[in-house]
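Have a look at the structure below, then the notes.
Protein chains: 4
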Amino acid sequence: MTDPQVIAFRPEPEQFAWTFGGAAPVMRVQPGAVLELWTEDCFAGRVRSRSDLVSVVCEFPFLNPQTGPFYIEGAQPGDTLAVHFISIEPSRDWAASTTVPLFGALTSTHLTATLQDPLPEIVWIWQLDRAARLCHFEAAEGDFTVDLPMVPMHGTVGVAPANLEVRSALVPDAYGGNMDTPEMQAGVTCFLGVNVEGALFSIGDGHARQGEGETCGVAIECAMDTVIAIDLVKGRPTAWPRLESDTHIMSTGSARPLEDAFRIAQTDLVNWLVSDHGLAAMDAYQLISQAVESPVANVCDINYTSLAKIRKEWLPPCHGPLANTHQRLREVGRSYLAGK
Amino acid sequence: MTDPQVIAFRPEPEQFAWTFGGAAPVMRVQPGAVLELWTEDCFAGRVRSRSDLVSVVCEFPFLNPQTGPFYIEGAQPGDTLAVHFISIEPSRDWAASTTVPLFGALTSTHLTATLQDPLPEIVWIWQLDRAARLCHFEAAEGDFTVDLPMVPMHGTVGVAPANLEVRSALVPDAYGGNMDTPEMQAGVTCFLGVNVEGALFSIGDGHARQGEGETCGVAIECAMDTVIAIDLVKGRPTAWPRLESDTHIMSTGSARPLEDAFRIAQTDLVNWLVSDHGLAAMDAYQLISQAVESPVANVCDINYTSLAKIRKEWLPPCHGPLANTHQRLREVGRSYLAGK
Amino acid sequence: MTDPQVIAFRPEPEQFAWTFGGAAPVMRVQPGAVLELWTEDCFAGRVRSRSDLVSVVCEFPFLNPQTGPFYIEGAQPGDTLAVHFISIEPSRDWAASTTVPLFGALTSTHLTATLQDPLPEIVWIWQLDRAARLCHFEAAEGDFTVDLPMVPMHGTVGVAPANLEVRSALVPDAYGGNMDTPEMQAGVTCFLGVNVEGALFSIGDGHARQGEGETCGVAIECAMDTVIAIDLVKGRPTAWPRLESDTHIMSTGSARPLEDAFRIAQTDLVNWLVSDHGLAAMDAYQLISQAVESPVANVCDINYTSLAKIRKEWLPPCHGPLANTHQRLREVGRSYLAGK
Amino acid sequence: MTDPQVIAFRPEPEQFAWTFGGAAPVMRVQPGAVLELWTEDCFAGRVRSRSDLVSVVCEFPFLNPQTGPFYIEGAQPGDTLAVHFISIEPSRDWAASTTVPLFGALTSTHLTATLQDPLPEIVWIWQLDRAARLCHFEAAEGDFTVDLPMVPMHGTVGVAPANLEVRSALVPDAYGGNMDTPEMQAGVTCFLGVNVEGALFSIGDGHARQGEGETCGVAIECAMDTVIAIDLVKGRPTAWPRLESDTHIMSTGSARPLEDAFRIAQTDLVNWLVSDHGLAAMDAYQLISQAVESPVANVCDINYTSLAKIRKEWLPPCHGPLANTHQRLREVGRSYLAGK
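Chains as they are written, first to last, in this note's numbering: chain G, 1 to 340; chain S, 341 to 680; chain W, 681 to 1020; chain C, 1021 to 1360.
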C-alpha cells in the first residue's frame, strides 16, 4: 500500500454548498485520497449565544452548509462511492442546539399542519470538554446540569441525486444527505450510489452527539474537523446508503411515514444478505427478524431515516465486490492516524 | 379590457423540460398573456400500443415532459402566479394507460418496499371520441368495454421550487408539479406562489380523465392542446397551490402520509377563510368541518395530494387581493373562445 | 311481496349501547323487518347550549350512544347483513357541534402527540329548519351566518367485531362502527359482514350534515328518527363494509395512515368487480383508476375511513349473491314511505 | 421486608385468555406477591415442525394465548400496576418462527392492502441451548447455520383496556398487550395504568430472542417459565406502559403510523421528566433530543410500538411516587433467586 494522497480543504463561507446536486465542485479528487476537511455547523455559525434565535439570525434557505462537493475522478452512475470516517472532532469548545418554530417531532410542522400555536423558541449552548469527551448541558430553566458523552458524527453526507434533481441540504433521501444518524461516526464506512459523473460528494452538519430520532429536530450542532478516506467501487450500484463498521453492516431508508423508511432499510438489508452473503431471501428475512437492530436516525426531517443493522459475525462470509473495502479503508485510517 | 397578447408554443422534443426548476425558460411572457400550448403525454409519446411496455420503451428519467418553463415578466418571490385554463383538448384520438412495476397505490413500491413480486405490466389503449367526449375502455382480458365521460385535465402544473431545489416533473409539492388532481380542468384558475424571479411556470401530463387517487398510478394519458391565461398578483404570497372555479375555492396539500396532505389542505383553507374572508380561525374550522369536500388527487406519487374545497356561496365575501382575479381571467377566456 | 314486519324502538338512556360487541341485544329481529328507530346524539344529549363544553358535561367513556344491538335471527359468521336506510330525519330542531381538546384533524391528539397547547374548546349550536332542509350556522365570533343544505346521515353503523373483541362506539373498523361517511344517507344500503351469531347490529351518531373528513372531529350532531329495512344474505362473507345506492357501489376501508384506508377500500372494490362483476383483477384495477370517486369519510377517529365509489352503469352486470338486494330493499322502503 | 407470598400457576389449555379485558380472572392476587408462571407460545403450541404451517394448524382467533388474567386486590382505575420480571426462561429446548401470509413488515397485509401475491409460508424450528444460552438457526434453503445469543423476553404484557373495550391478545395499545419489545427482559419493571377494578393482568408470547421491529412478524416463539413480582402504586395514573431497568427509564407508544408511536413515547418521556424529575418541559425536550435511545419494538402488529429510553444517571433525582418501586422489586427478585 502506497501512501494515499492527503488533501486539506477548509471552505470560505462563500464556498459552502446548500444543496446536493446543482453546485459546482470545489475540487477534483482521486479515489484513494484522504481529505482533511472542516465543516461549519448547520446554522452557518450564526447561533452563538442563548439570544441568537434561528428565526432571527439565520437566513433561509442558507441553512446546513456543506463542505464540497468533491468531484471524484472516474465515478460514474452505477458505481459506489465509499467514504470512510477516519476522525471527526469538534473544532470549537462549544456547540448549539435550539428549538425552531414548527420544526421537530413533538410539534406540528409545515407538513403536519395544525391550528395550534408553535412551541417557544429557545437556544441551549452546550460546552464541549474535548479532552474529557463530554458535552455539558445547562437547563434553560432551573439549575440542572449534566455531562453527556461526546460521540461526534456527521448528520449530512451525500452525493448528487438521480433524476436530474437538486435537493436542499436539509433533506435525506436515496442519495444520502441529511440522514442524521448517530452511526455516522469515526471508524465507519459509508457507501453511496453514484448518480452523476464525479459523484459530487459533500459533507456537513456535525453533531457532538445526538439522540436517536433527533426529537426536537436539532442535535448538539458544531463545526467539525473531519478526516475521511475516499474510494470508488466500479460497476456496483447502491440503491440506498449503506454503512459498515468493524462489527456491523447497516442499511438505511429515508421516507415518510416512518414505517416506509423502516421497510426500505430492512428490505435493503435482506437484499444485501442475498446478493453478497448468499442467503435465500426468505432465510435472510427470518434471520434479520431475530437479529436486526433498527435504530431510528431522524424523525423530524423532510424524510425520516431508519437503519437496519446486523452483526457481521452472524452472517455467511461476504463474497460481493465490497468484501474488503471497509477493512482496507480502516487500514488507511489507522496509518493516517499513526502518522500524525 | 384590451385584447390580450396571444402566444402559441409547441415544443420540439428536445425542448421538453423534465424538472421544475433547473431548466432555462423557453420564452418570456407578459402577465395578461394567453398561451396556446401543446403538451406531450407523460410517456413522451412512446407508449402507442399494447406492446409498448413502459419499462421497455421509456427511458428514465425522461418521463413526464413539461411544456415550458415560461419566464413571467415581473414575477418575484412573494408574488402569486394565476394560471387560468381556458380550454384543454386531447390532441390525438387515443390515449394510453399502463401499470408500471412497483408503482401505484395497490402494489408495493420503491418507497413502500416489500419482498413480494411486482404486478404484471399491462398497457391499455383508450380510444377517445372527442366529438361525443367519451373515453372508450377495452378490457385486456375478456371482451368488456365501456365508455366513460371525457373530462380533460392537466396532472402537472407548477413553478420552480423554493430553497434552491430542482425537482423531477413526477413530484408534487408546495410549488405545484405533479399533483394529478381532476379539478385542474378548463374553467378553473390555479394560484401558485412564486419562488424565483420569473416564476418559471411549466405544464404537462394531460389526462383525458382520471379517477380520484389515480389508483394504479397512471391516468388516461394523452397529448393536449391547451389554452391558458396568465396573470400575476404582486405582493401576495401563496404557500400551497390553490384553485378557484366559478363555484368553489380549493386548497391543496402534497405530502406523505396522506393525512398530512389532508391536514395541509384543510389548514390552508382555514387560513384562506381567515385572511381573505374575515372569519375567525375557529369559526372557519367549524364551517369547513361541515361544508368541505375533500377529494384526493393522487395516492401514488412521491407525495400524495389532497384537496379541500368549499362553495363560495357559503362564505363571507372575499376581500383579499385575489378577489376578482378568477372572474377577470374567466372573462378573458370567454372572449378568447368567442373570438375563435 | 308481503308486508314486512314493522318494529318501533326508542331506547331509554339506560338502554344505550356504548360498544360494538359486549352488549346484550335489546331485541330479536327477523330478516326482512323494518325498524323505526330513534337515536340520541353523540353527546348523549348533554351538549345543549354554547356553555355546555364536552370536557365538562360529558362523561367518558359514555359518548356516542348506540341504539341496539339487535339480534338478527339466523345471522351467522360468514353471512352478510344488509341495512337499508329508508329515512333519516333529525328529531329536534337544533343540533350541536364542538371542538374537543386534543381531538380532530387540525390539532395534535392523544395519538399524534405534541408538546403544544390544545385549541380552545367551543360549542356551536346549529338551528335546523327541517321544512326547508337547512342547517343554520352562526359564527362564534362576529356576526356571519349561513345556511347549509341538510343531508342527514348516520356516522355510526355496525355489528359486533370478530376476534372476540369489543370496541368503543367511537371506533370504525372492519365491522363498521364510527365510519362517519356522508354516504350513509337515506336511500342507501349498507352491507356488513356478520362475525357473531345474531350479528348484533347497532346504529347511532346522527349528523344533520358533515363535511368530507369531519375535519374538527365533530359533525352537526343531532338525535335522529330513522327507519331501516334489514335483510340477511346467507353464506356471503363481507370483509369490509360496503354500500350501494341507486347509482353507485362503494367499498370502505378504516385504518391509519390514511393511505392504508384508501388501499383497503380500493382493493376491496377491485375484488368486488372481480367476484361479482366478472372483470379480471388487472382490468378492474385499470377501470377504477379512471372511474373511481374516493371520498374521505373521517380523518379524525381512531381509524380513518376512506371510500371507493364507482357508477354501476359503467360496470358489467352483477352476478353475485347481492345482485338484487339493494333493489329489493329500495322497494320495501318505497312501499313503507307510500304507506305513511 | 417479610417474605412475599409465592404463587405458582400453570394454565390448562382451556384456561388460556385470548383477549385483554373480557376474560374472567383465573386467580386473585395480593400486591407484593411473587408469581411463578408458565406461558404457552403464540401458536398455542401447534407449530412443532417445519411442516406445521400456521394457516393449517392454527385456528383463528385462538392465537397468542395469555396466562391470566390475574385480579390484583385493591387495584382501581387511576392506580399503576408494577410488574417486575425476576426471571424468564424457555421451558422447551426448541422454539418456532414462521412467515404468515399477509402478515409482517415486508409484505402487503390486510391493512396495507395490495393486489400482489403473498410471500411463501415457511417454518423455521430454532434449537435452544439453554445452558449456553444460544438460539440455533438453520436456513431453510442451503446449509447455513448460526447461533444467536438467547435474550428471553415477553412480547405480550398487559391489563384490561379502558373504555369498556376488549382487545385481541395480538394488539398492543395504551393498556400494554402485544408490544413485542425486546426490553421486556428479566430485571426490568413494567408499569401499567389500571383501567378496571382488579387490573386484570395477563402475560404471554415468550420469545427466546427478537430483532428490533420483529420484521417478519414472528419472533423465536417459545413457551416460558417466568417469575414476576407484582406491586401496586395507588393513586398514580399511567397513560402508556413504562419500563424501568437498573440503568434506564423507558416510555412506550403504540400506534400507526410509526411516527405516531414514536411521538407518543417521546412525549410521554418528556412528561415523565417533568412530573417526576422536575425538569421544565422544554429542557426535557432538549435533553432527550440529545440523550434518548429510541428502539422500535414491533413494526408488524395492529399498532406499531416504539420506545423512548434514557439513562437514569443523566437525570435529576426522581421525586415521584415510583421513586423506589423498581429498586424494591429488584430486591424482592434477588431474594427470591437467592432462595431457590
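Every residue, glycine too, gets a C-beta built ideally from N, C-alpha and C.
All of these numbers come straight from a predicted model, not from anything done at the bench.
Endpoints, alpha helix (DSSP H) assigned at residue i
i, result
"residue 271 of chain G", "258 to 277"
"residue 1305 of chain C", "1301 to 1311"
Beta carbon proximity, residue i to chain S, threshold 9 Å
i, result
"residue 1172 of chain C", "no"
"residue 1304 of chain C", "no"
"residue 734 of chain W", "no"
"residue 24 of chain G", "no"
"residue 1128 of chain C", "yes"
"residue 266 of chain G", "yes"
Range covered by the beta strand (DSSP E) that runs through residue i
i, result
"residue 1048 of chain C", "1047 to 1049"
"residue 735 of chain W", "First-last for residue 735 of chain W: 734 to 737, but that is the alpha helix (DSSP H), not the beta strand (DSSP E)."
"residue 564 of chain S", "564 to 573"
"residue 412 of chain S", "406 to 412"
"residue 430 of chain S", "420 to 430"
"residue 870 of chain W", "869 to 873"
"residue 376 of chain S", "374 to 379"
"residue 363 of chain S", "It is not in any beta strand (DSSP E) - residue 363 of chain S carries neither H nor E in the DSSP assignment."
"residue 686 of chain W", "686 to 689"
"residue 976 of chain W", "976 to 978"
Short Cβ contact (9 Å threshold) for residue i with residue j
i, j, result
"residue 1131 of chain C", "residue 935 of chain W", "yes"
"residue 582 of chain S", "residue 612 of chain S", "yes"
"residue 889 of chain W", "residue 828 of chain W", "yes"
"residue 1180 of chain C", "residue 1055 of chain C", "no"
"residue 322 of chain G", "residue 82 of chain G", "yes"
"residue 99 of chain G", "residue 205 of chain G", "no"
"residue 1105 of chain C", "residue 1253 of chain C", "no"
Any C-beta of chain G under 9 Å from that of residue i
i, result
"residue 792 of chain W", "yes"
"residue 1160 of chain C", "yes"
"residue 621 of chain S", "yes"
"residue 1121 of chain C", "no"
Beta-bridge pairing of residue i - partner residues as DSSP gives them
i, result
"residue 668 of chain S", "According to DSSP, which records beta bridges pairwise, residue 668 of chain S is partnered with nothing at all."
"residue 651 of chain S", "S:588"
"residue 497 of chain S", "S:517, S:543"
"residue 488 of chain S", "S:475"
"residue 444 of chain S", "Answer is none; residue 444 of chain S lacks a bridge partner."
"residue 803 of chain W", "W:778"
"residue 1018 of chain W", "For residue 1018 of chain W, which the question treats as bridged, DSSP gives no partner whatsoever."
"residue 243 of chain G", "G:190, G:250"
"residue 1186 of chain C", "W:846"
Neighbour flag for residue i against chain W, beta carbons, 9 Å
i, result
"residue 644 of chain S", "yes"
"residue 41 of chain G", "no"
"residue 1068 of chain C", "no"
"residue 117 of chain G", "yes"
C-beta neighbour in chain A for residue i, strict 9 Å
i, result
"residue 254 of chain G", "The chain labelled as chain A is not found among the protein chains of the depicted structure, namely G, S, W and C."
Short CB-CB distance (under 9 Å) between residue i and chain C
i, result
"residue 247 of chain G", "no"
Pair every Cβ in the region 616 to 635 of chain S with every Cβ in the region 795 to 804 of chain W, then say whether three or more of these pairs are closer than 8 Å.
At 8 Å Cβ cutoff, the stretches touch.
Say whether the region 890 to 898 of chain W touches the region 1031 to 1045 of chain C, bearing in mind that this needs 3 or more beta-carbon pairs closer than 8 Å, one atom from each stretch.
The region 890 to 898 of chain W and the region 1031 to 1045 of chain C do not touch, with fewer than 3 CB-CB distances between them shorter than 8 Å.
Is there contact between the region 874 to 884 of chain W and the region 792 to 799 of chain W, where contact requires at least three CB pairs shorter than 8 Å?
Touching, no, given that fewer than three Cβ pairs across the two stretches are closer than 8 Å.
Is there contact here, the region 85 to 92 of chain G with the region 222 to 240 of chain G, by at least three beta-carbon pairs under 8 Å?
With the cut-off at 8 Å, the region 85 to 92 of chain G and the region 222 to 240 of chain G touch.
contact_flag[the region 665 to 679 of chain S, the region 1002 to 1015 of chain W] where n(CB pairs < 8 Å) is 3 or more
No, the region 665 to 679 of chain S is not in contact with the region 1002 to 1015 of chain W.
Hey, is the region 925 to 942 of chain W in contact with the region 848 to 859 of chain W, meaning 3+ C-beta pairs nearer than 8 Å?
They touch, by the three-pair rule.
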